[in-house]
Amino acid sequence: MRKFILTAAAAVGLSLAATTGANAAGAIEVPDESWTWEGLFGYYDKAQLQRGFQIYNEICSSCHGLSLVAYRNLQEIGFSEDQVKNIAAQREVEDGPDDTGEMFMRPALPADRFVSPFPNEEAARFANGGALPPDLSLMAKARPAGADYIYHLMLGYKDEAPEGFELGATQYYNEYFPGHAIGMPPQLYEGMVEYADGTEATAEQMAHDITGFLQWAAEPELEERKSLGIKVMLFLIVLTAMLYALKRRIWSDVEH
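Residue numbers -24 to -1, 1 to 232, in mature numbering (1 follows the signal peptide of the UniProt record, and there is no 0), belong to the letters of the sequence shown in order.
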């Protein structure tokens, strides 16, 4: 638990670090969106999660890590064992030492966690103009608005900042980002990916899909937890009915 809390705090810290030079103005209220995982009977749409992984893999992974997720976890969203092996093998990880005492690179395995796009924080900052791209493992939990924030952030870029609002040379105006000045350029454009299932890749669809994937990454146990909660509630209802019937039986004898 302590490790989880520290990791969550680190994710929040990394996301705040990306706001370098941000204007003091606050972000506007984030509108509510409808998601399949909300409510008592919420669930994850596996087709959406697979599309979301495609967005992460083809677009987001060049800058953002997913350090708390292992490749084998992708089987939980519908990928086969062979597919997971192929996905992992596209990346390399350092291993060793070998028989000579040297470290070496090898293709990633399903048991490995997602490979970071940068070897260290300094390299990440150097490649991004001084800003540190946050790890996305817990991003859906690191913001108060959670999934709604991620969705609207991806679509919240404006071609120009309002009159009088100053942006740095490497910043962009986003109406949902705290301070509105963000170092990450717009990421989603119509038709920039070709979905394997034939879904039309509109900006809204891609934002919806990557949000779903990041929600799952942050809370993969959601379906199991909701299922257990329903079973517990049913058990308590039955138990309550039995206790009530027992109470009626006992007191009926007393009354007579």
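Beta carbons are placed, not taken as given, at the ideal position from N, Cα and C, and that holds for glycine. Source: prediction; values computed, not measured.
Quick check on DSSP: helix, strand or coil for residue i?
i: residue 153; result: coil
i: residue 223; result: helix
i: residue 35; result: coil
i: residue 60; result: helix
i: residue -2; result: Confidence at residue -2 is low in this model, with a pLDDT of 38, below 50, so the placement of that residue is unreliable and no value is reported for it.
i: residue -18; result: Here residue -18 scores only 44 on pLDDT, less than 50, and its place in the model should not be relied on; the value that follows carries that caveat. DSSP places residue -18 in helix when its eight states are reduced to three.
i: residue 119; result: coil
i: residue 4; result: coil
i: residue 19; result: coil
i: residue 148; result: strand
i: residue 46; result: strand
Return yes when the Cβ of residue j is within less than 8 Å of the Cβ of residue i, no when it is not.
i: residue 53; j: residue 85; result: no
i: residue 127; j: residue 119; result: no
i: residue 45; j: residue 92; result: no
i: residue 200; j: residue 19; result: no
i: residue 88; j: residue 32; result: no
i: residue 166; j: residue 179; result: yes
i: residue 143; j: residue 123; result: no
i: residue 74; j: residue 82; result: no
i: residue 116; j: residue 195; result: yes
i: residue 109; j: residue 99; result: no
i: residue 173; j: residue 64; result: no
What is the residue span of the alpha helix (DSSP H) that residue i lies within?
i: residue 182; result: 179 to 194
i: residue 124; result: 123 to 131
How far does the beta strand (DSSP E) with residue i in it extend, from its first residue to its last?
i: residue 98; result: Where residue 98 is concerned, there is no enclosing beta strand (DSSP E), although the alpha helix (DSSP H) it sits in stretches over 97 to 103.
i: residue 81; result: 80 to 83
i: residue 69; result: 68 to 71
Would you mind giving the Cβ-Cβ distance between residue i and residue j, rounded to the nearest angstrom? I have them listed as a contact below 8 Å.
i: residue 6; j: residue 152; result: 6 Å
i: residue 57; j: residue 66; result: Not a contact, Cβ separation roughly 16 Å.
i: residue 159; j: residue 105; result: 7 Å
i: residue 202; j: residue 16; result: 7 Å
Would you say the beta carbon of residue i is closer than 7 Å to some non-hydrogen atom of the ligand FAD?
i: residue 138; result: This structure lacks the ligand FAD, and indeed carries no ligand of any kind.
Specify whether the region 2 to 22 and the region 183 to 191 touch according to this definition: at least 3 beta carbon pairs, one from each stretch, less than 8 Å apart.
yes
Three or more C-beta pairs under 8 Å: does that hold for the region 130 to 137 against the region 206 to 213?
no
Across the region 32 to 48 and the region 92 to 110, are there enough close Cβ pairs to call them in contact, namely three or more that are closer than 8 Å?
yes
Closer than 8 Å is the cut-off here; do at least three beta carbon pairs connect the region 175 to 186 with the region 26 to 35?
yes
Quick check: the region 72 to 81 against the region 145 to 162, are there 3 or more CB pairs under 8 Å?
no
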